[in-house]
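Q:
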Amino acid sequence: NAGVMQNPRHLVRRRGQEARLRCSPMKGHSHVYWYRQLPEEGLKFMVYLQKENIIDESGMPKERFSAEFPKEGPSILRIQQVVRGDSAAYFCASSPSGSNQPQHFGDGTRLSIL
Amino acid sequence: DQQVKQNSPSLSVQEGRISILNCDYTNSMFDYFLWYKKYPAEGPTFLISISSIKDKNEDGRFTVFLNKSAKHLSLHIVPSQPGDSAVYFCAATDPLGAGKLIFGQGTTLQVKP
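Residue numbers (my numbering), protein chains in the order written: chain F, 1 to 114; chain G, 1001 to 1113.
1) Could you check whether the Cβ of His104 of chain F sits closer than 8 angstroms to any Cβ belonging to chain G?
2) Exposed or buried, what is Ile1053 of chain G when buried is set at 16 or more other beta-carbons lying within 10 Å of its beta-carbon?
3) Tell me whether Arg15 of chain F sits in a helix, a strand or coil according to DSSP, three-state version.
4) I want to verify the contact list: residues of chain G whose CB lies under 9 angstroms from the CB of Asn100 of chain F, in sequence order.
5) In this structure, how does DSSP classify Asp86 of chain F when only helix, strand and coil are distinguished?
6) Here's a check: name, in chain order, each residue in its chain whose Cβ is nearer than 6 angstroms to the Cβ of Asn1 of chain F, leaving out the five neighbours to either side.
7) Does the separation of the CB atoms of Val83 of chain F and Ile55 of chain F fall below 8 angstroms?
8) So Val1087 of chain G is in the beta strand (DSSP E); what residue range does that whole segment cover?
9) Tell me which residue opens and which closes the beta strand (DSSP E) that Val1078 of chain G is part of.
10) According to DSSP, is Val4 of chain F part of a helix, a strand, or is it coil?
11) Smallest Cα separation from Asn1007 of chain G: which of G:His1072, G:Ala1041 and G:Asn1067?
12) Could you check which residue in G:Ala1092, G:Val1013, G:Asp1001 and G:Ser1051 has the C-alpha nearest to that of Ala1086 of chain G?
13) Here's the rule I'm using: 16 or more other beta-carbon atoms within 10 Å means buried, otherwise exposed. How should Pro1040 of chain G be labelled?
14) Using DSSP with H/G/I as helix, E/B as strand and the rest coil, what is Thr1108 of chain G?
15) Residues bridged to Gln50 of chain F by DSSP?
16) Can you name the start and end residues of the beta strand (DSSP E) that Lys1056 of chain G belongs to?
17) Given Gly106 of chain F, which residues of its chain have a CB within under 8 angstroms of its CB, disregarding the five upstream and five downstream residues?
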């Protein structure tokens, strides 16, 4: 199965710890998007990356959040000093090009903050 | 500011009948629209899309209609099946937004046997 792979599926952190979420795009896809879904809400765009470049981070909180998509390996969404409000489902999507193409999603990482 | 709106949180339909899910948008610059289906604890699954140069696109039981003047699109599922029960999200891309998707809040469809 060459779908979008996210891990871990579930992540529990205490307040103040760091959370690292990983995403491997579909084979042949070089465009990666991260979205966040809070309870009872739709998905909200966070960041768009291509290999080694951040294209659009307009949806990322200004502090504590960062993302990367290195030349080798998965894309990483990193949340430092987590707070209770970071509890959400984080979804990664990939596409072969950046516009007017369906994005294909992974099954998400459910982040719970104690 | 919600640029993509799904005003019906839920919809219940009898198996075999038509399901119609609606979506409104506010930004006339949007040029590509998509529908996704989502089951609990899974990621959204792409269903069907439509470009703003078209007013209809069909794929099997799924048809999407686009009314640009009304800034409205709809997804028709005929015939509805119990396995269609899920949350359906409408999404749009902004040509100035580097391909990011703007999602509606979702509509929960229940198809009763």
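Ideal Cβ positions, reconstructed from N, Cα and C, are used throughout, including at glycine.
A: In terms of the structure at hand:
1) Here residue 104 of chain F is taken as the residue at index 104 of the first sequence, counted from 1. So yes, His104 of chain F belongs to the interface.
2) For the purposes of this step, residue 1053 of chain G is taken as the residue at position 53 of the second sequence. By the neighbour-count rule (16 or more Cβ atoms within 10 Å), Ile1053 of chain G is not buried but exposed.
3) Locating residue 15 of chain F in the first sequence gives position 15, where the first residue counts as 1. Here Arg15 of chain F sits in coil by DSSP.
4) The residue given as residue 100 of chain F occupies position 100 in the first sequence. Within chain G, the residues near Asn100 of chain F are Asp1031, Tyr1032, Ser1049, Ser1051, Thr1093, Pro1095 and Gly1099.
5) Sequence index remark: in the first sequence, residue 86 of chain F carries index 86 (1-based). Asp86 of chain F falls in the helix class under three-state DSSP.
6) Numbered from its first residue, the first sequence carries residue 1 of chain F at position 1. At Asn1 of chain F, the pLDDT of 49 sits below 50, so the modelled position is not reliable; the number obtained from the coordinates is stated separately. If we look at Asn1 of chain F and ignore the five residues flanking it on each side, it has no Cβ neighbours.
7) Reading the first sequence from its first residue, position 83 is the one you call residue 83 of chain F. Reading the first sequence from its first residue, position 55 is the one you call residue 55 of chain F. Not in contact: Val83 of chain F and Ile55 of chain F (Cβ atoms no closer than 8 angstroms).
8) Translated into the one-based positions of the second sequence, residue 1087 of chain G becomes position 87. Counting along the chain, the beta strand (DSSP E) containing Val1087 of chain G begins and ends at Ala1086 to Thr1093.
9) Against the second sequence, residue 1078 of chain G aligns to sequence position 78. Premise fails: Val1078 of chain G is in no beta strand (DSSP E) and is neither H nor E.
10) Translated into the one-based positions of the first sequence, residue 4 of chain F becomes position 4. Val4 of chain F falls in the coil class under three-state DSSP.
11) Counting from one through the second sequence, the residue named residue 1007 of chain G turns up at place 7. Asn1007 of chain G has its Cα closest to that of G:His1072, out of G:His1072, G:Ala1041 and G:Asn1067.
12) If you number the second sequence from 1, residue 1086 of chain G lands on position 86. Checked all of G:Ala1092, G:Val1013, G:Asp1001 and G:Ser1051; the closest Cα to Ala1086 of chain G is G:Val1013.
13) Position 40 of the second sequence, counted from the start, is the residue given in the question as residue 1040 of chain G. Classification of Pro1040 of chain G: exposed, given that the 10 Å Cβ count is below 16.
14) For the purposes of this step, residue 1108 of chain G is taken as the residue at position 108 of the second sequence. The answer is strand: DSSP assigns Thr1108 of chain G an E or B state.
15) For this step, residue 50 of chain F is matched to residue 50 along the first sequence. Beta-bridge pairing links Gln50 of chain F to F:His31 and F:Asn53.
16) Residue numbering aside, residue 1056 of chain G sits at position 56 when the second sequence is read from its first letter. From DSSP, the beta strand (DSSP E) with Lys1056 of chain G extends over Lys1056 to Asp1059.
17) Against the first sequence, residue 106 of chain F aligns to sequence position 106. Taken in chain order, the residues that qualify are Gly3, Val4, Met5, Gln6, Cys23, Phe91, Cys92 and Ala93.
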